[in-house]
Amino acid sequence: MAWSAKGDTVMSWSASHVSRDVLELKTGHSKSRAPPLAAPSIPLPRYSFRPTDGRYLAVAERHSGKDHVGIYDCAAWKLIRHFPLPSPSSDVADLAWSPCGRFIAVWEVLTDYILHIYTPDGRLLKTFTPYSSGWVGLGIRKVEWHPTGDWLAVGGWDGKIRILTRLAWAPVAELSVPAKVSAPMHVWQEPTEWIERTRGKGIVPFDAQALPYNPTAVRPDLGRPNPKMGIASMSWSPSGRWLAVWNQTYPTTILLFTFISSPTPHFHPRLHSLLVHNLPIRAFEWQPVQQELLAISTGEKGFTMWRQPRPEVQGEEDGLAECVGVPSREL
284 MAWSAKGDTV
294 MSWSASHVSR
304 DVLELKTGHS
314 KSRAPPLAAP
324 SIPLPRYSFR
334 PTDGRYLAVA
344 ERHSGKDHVG
354 IYDCAAWKLI
364 RHFPLPSPSS
374 DVADLAWSPC
384 GRFIAVWEVL
394 TDYILHIYTP
404 DGRLLKTFTP
414 YSSGWVGLGI
424 RKVEWHPTGD
434 WLAVGGWDGK
444 IRILTRLAWA
454 PVAELSVPAK
464 VSAPMHVWQE
474 PTEWIERTRG
484 KGIVPFDAQA
494 LPYNPTAVRP
504 DLGRPNPKMG
514 IASMSWSPSG
524 RWLAVWNQTY
534 PTTILLFTFI
544 SSPTPHFHPR
554 LHSLLVHNLP
564 IRAFEWQPVQ
574 QELLAISTGE
584 KGFTMWRQPR
594 PEVQGEEDGL
604 AECVGVPSRE
614 L
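Each residue of the sequence shown is one higher than the last, beginning at 284 in this note's numbering.
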């Protein structure tokens, strides 16, 4: 079950995902006879609304054994476009509409490192795969659009982030965790036992680590499904200047990469800071109003925050990382 982008309609799928009902809350009418959404290739329905106005819905579908993308007009819940993926063997994992509404990214399941860029009318702009020969290993794990739609961050199970630019949809950077972190990068370490010392009522700064610094990786258990490795989560700041990344091979660390405001052929984003915590990362989120403020949770009785560098503020020239206690017994 899911809400429409405008919040006036509820969508529900059958248990096998071969049909879909649409309930309009204002009228109470159910459009169960609307064109069904065919079963996608994975257990949950994959869809994306056009962010600019929420009028159109893109859905991953499967018809006659082949994966397609269906575009629906949410005003009448009618199918207006329907196009297949390039290969009959394509197996869609998910799709995402760009924030500008001009492009749709479609990527395939984790056994293939393949991503397609389409226009909403079904025109294929680019098929991206980073390996010229057959890839042996897991593929794409996470994909995130830049807020402007200028860049697309593609995170793999291999621990690398490929940055595609809308200028010909070519990769302009390949980001990863360096074996050795040196200046001008920064490393911040969460203090040990800070919650016990403050009783969850204080704000404690992170400790700046001496450089060079060697990040500590955890060897994943490759004998188990969905090993704890690779790019598990990414999030752009609302301004698009920063990309926060959690590589699960480094379970306690958040990576912060810095970007400029518009794409150029010769620009290369760079790693700015590492935020090293005492426990594995559970979640992180950018503050929507103060656009360069990141909150991070590890499940402790508190959370941590990072603020972008402010050269005009003494002590914050390189950024600011802090621990914030929450005085609650139940947290």
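Using N, Cα and C, we set each Cβ at its ideal position, and we do this for glycine too.
L340: which of A285, G348, K349 sits nearest, CA to CA? Here residue 340 is taken as the residue at index 57 of the sequence shown, counted from 1. Minimum Cα distance to L340 is reached at A285.
Between G405, G523, P403, W390, which lies nearest to S421 when the distance is taken from Cα to Cα? Along the sequence shown, read from residue 1 onward, the residue named residue 421 stands at position 138. It is Leu, not Ser, that sits at residue 421 in the sequence shown. Comparing Cα positions, the closest option is W390.
Between which two residues does the alpha helix (DSSP H) harbouring W477 extend? Residue 477 sits at position 194 when you count from the first residue of the sequence shown. Element bounds for W477: 477–481.
Taking only runs that begin and end inside the segment 563–600, name each unbroken beta strand (DSSP E) of 3 or more residues, in chain order. 566–569, 576–580, 585–590
Of the residues R449, V426, K425, R424, the one placed nearest D433, counting alpha carbons only: For the purposes of this step, residue 433 is identified with residue 150 of the sequence shown, where counting begins at 1. Out of R449, V426, K425, R424, R449 has the C-alpha closest to the C-alpha of D433.
Keeping to the same chain, check which residues put their C-beta closer than 8 Å to that of E479; ignore five residues upstream and five downstream. Translated into positions along the sequence shown, residue 479 becomes position 196. For E479, where only same-chain residues beyond five positions count, there are no Cβ hits under 8 Å.
Sufficient close CB pairs (3 or more, under 8 Å) joining the segment 494–510 to the segment 564–572: no
L494 and V464: beta carbons closer than 8 Å? Walking along the sequence shown from the start, residue 494 turns up at place 211. Walking along the sequence shown from the start, residue 464 turns up at place 181. In this structure, V464 lies closer than 8 Å to L494 by Cβ.
Secondary structure at W519, three-state DSSP: helix, strand or coil? Taking the sequence shown and counting its residues from 1, the one referred to as residue 519 is at position 236. In the structure shown, W519 falls within a strand segment according to DSSP collapsed to helix, strand and coil.
Does A321 come out as helix, strand or coil in the three-state DSSP assignment? In the sequence shown, counting from the first residue as 1, residue 321 sits at position 38. A caution first: A321 carries a pLDDT of 43, below 50, which makes its placement in the model unreliable, though a value can still be read off. Correct three-state label for A321: coil.
Run of the beta strand (DSSP E) containing Q472, from where it starts to where it stops: As a first step, residue 472 must be located in the sequence shown, where it is residue number 189. Per DSSP, Q472 is one residue of the beta strand (DSSP E) stretching across 469–472.
With three or more C-beta pairs closer than 8 Å as the rule, is the segment 481–496 touching the segment 507–526? no
If you reduce the DSSP assignment to three classes, tell me which class G353 lands in. Along the sequence shown, one-based indexing puts residue 353 at 70. Here G353 sits in strand by DSSP.
With DSSP as the reference, identify every bridge partner of M512, one or two as the case may be. For the purposes of this step, residue 512 is identified with residue 229 of the sequence shown, where counting begins at 1. Bridge partners of M512: none, in fact.
Could you name the residues of the same chain whose beta carbon sits closer than 6 Å to that of G438, not counting the 5 residues immediately before and after it, in chain order? Position 155 of the sequence shown, counted from the first residue, corresponds to residue 438. Cβ neighbours of G438 beyond the five flanking positions: R424, K425, I444, I514, M517.
Below 8 Å on the Cβ atoms is my contact criterion, and I expect P552 with L447 to pass it. Report the Cβ-Cβ distance as a whole number of Å. Here the question's residue 552 lines up with position 269 in the sequence shown. Here the question's residue 447 lines up with position 164 in the sequence shown. Not quite, the Cβ-Cβ distance comes to about 12 Å (not below 8 Å), so this is no contact.
Should A451 be labelled buried (16 or more other beta-carbon atoms within 10 Å of its own) or exposed? Translated into the one-based positions of the sequence shown, residue 451 becomes position 168. By the neighbour-count rule (16 or more Cβ atoms within 10 Å), A451 is not buried but exposed.
So is L538 buried or exposed if we call it buried at 16+ other beta carbons inside 10 Å? Residue 538 sits at position 255 when you count from the first residue of the sequence shown. If you draw a 10 Å sphere on the C-beta of L538, you find 16 or more other C-beta atoms in it, and that means buried.
Straight-line Cα distance separating V392 from D350: Stepping through the sequence shown from its first residue, residue 350 is reached at position 67. Stepping through the sequence shown from its first residue, residue 392 is reached at position 109. Those two C-alpha atoms are separated by around 12 Å.
Do you know whose CA, among T431, P403, S556, C357, lies nearest I543's CA? Position 260 of the sequence shown, counted from the start, is the residue given in the question as residue 543. Checking every option, the nearest Cα to that of I543 belongs to T431.
Any heavy atom of the ligand ATP closer than 7 Å to the CB of E583? Inclusion of the ligand ATP in the displayed structure is not the case, the ligand content being empty and no account of it being possible.
State the start and end residues of the unbroken beta strand (DSSP E) segment that holds S331. Here residue 331 refers to the residue found at position 48 of the sequence shown. Segment 330–332, the beta strand (DSSP E) holding S331.
Could you tell me the distance, in whole angstroms, from the CA atom of D304 to the CA atom of Y396? Locating residue 304 in the sequence shown gives position 21, where the first residue counts as 1. Locating residue 396 in the sequence shown gives position 113, where the first residue counts as 1. Their Cα atoms are separated by approximately 33 Å.
Whole-angstrom distance between W471 and D490, CA atom to CA atom: On the sequence shown, residue 490 is found 207 positions in, with the first residue counted as 1. On the sequence shown, residue 471 is found 188 positions in, with the first residue counted as 1. Going from the Cα of D490 to the Cα of W471 covers about 6 Å.
Where are the beta strand (DSSP E) runs, 3 residues long or more, that stay fully inside the segment 425–472, in chain order? 434–439, 444–448, 454–458, 469–472
Distance check for R345 and G523, CA to CA, integer angstroms please. Within the sequence shown, residue 523 is the residue found at index 240, counting from 1. Within the sequence shown, residue 345 is the residue found at index 62, counting from 1. Those two C-alpha atoms are separated by around 34 Å.
Close Cβ partners of K409 (< 6 Å) along its chain, the five nearest in sequence each way excluded: Indexing the sequence shown from 1 puts residue 409 at position 126. Excluding residues within five positions, the ones whose Cβ falls inside 6 Å are I400, W452.
Reduced DSSP secondary structure (H/G/I, E/B, other) of S381: To locate residue 381, count along the sequence shown from 1; it is residue 98. Reduced to three states, the DSSP call for S381 is coil.
Quick one: grab the DSSP three-state call for P488. For the purposes of this step, residue 488 is identified with residue 205 of the sequence shown, where counting begins at 1. DSSP, read as helix, strand or coil, puts P488 in strand.
Is it true that the CB of L368 sits closer than 8 Å to the CB of P461? Your numbering for residue 461 matches position 178 in the sequence shown. Your numbering for residue 368 matches position 85 in the sequence shown. Cβ atoms of P461 and L368: not closer than 8 Å.
By Cβ distance below 7 Å, which residues in the same chain neighbour Y414 in space, the five residues on each side in sequence not counted? As a position in the sequence shown, residue 414 is number 131, starting the count at 1. The residues Y396, in chain order, have a CB closer than 7 Å to that of Y414 in the same chain once the five nearest residues on each side in sequence are set aside.
Cβ neighbour criterion (16 or more within 10 Å) applied to R333: In the sequence shown, counting from the first residue as 1, residue 333 sits at position 50. Counting Cβ neighbours within 10 Å, R333 comes out buried, since at least 16 surround it.
Tell me which residue opens and which closes the beta strand (DSSP E) that I397 is part of. For this step, residue 397 is matched to residue 114 along the sequence shown. Note, I397: premise wrong, no beta strand (DSSP E); not H, not E.
Assign R329 to buried or exposed, taking buried as 16 or more other Cβ atoms, counted over all protein chains shown, within 10 Å of its Cβ. As a first step, residue 329 must be located in the sequence shown, where it is residue number 46. Per the 10 Å Cβ criterion, buried.
Give the single residue among A527, D291, R593 whose Cα lies nearest to the Cα of A578. Stepping through the sequence shown from its first residue, residue 578 is reached at position 295. Checked all of A527, D291, R593; the closest Cα to A578 is A527.
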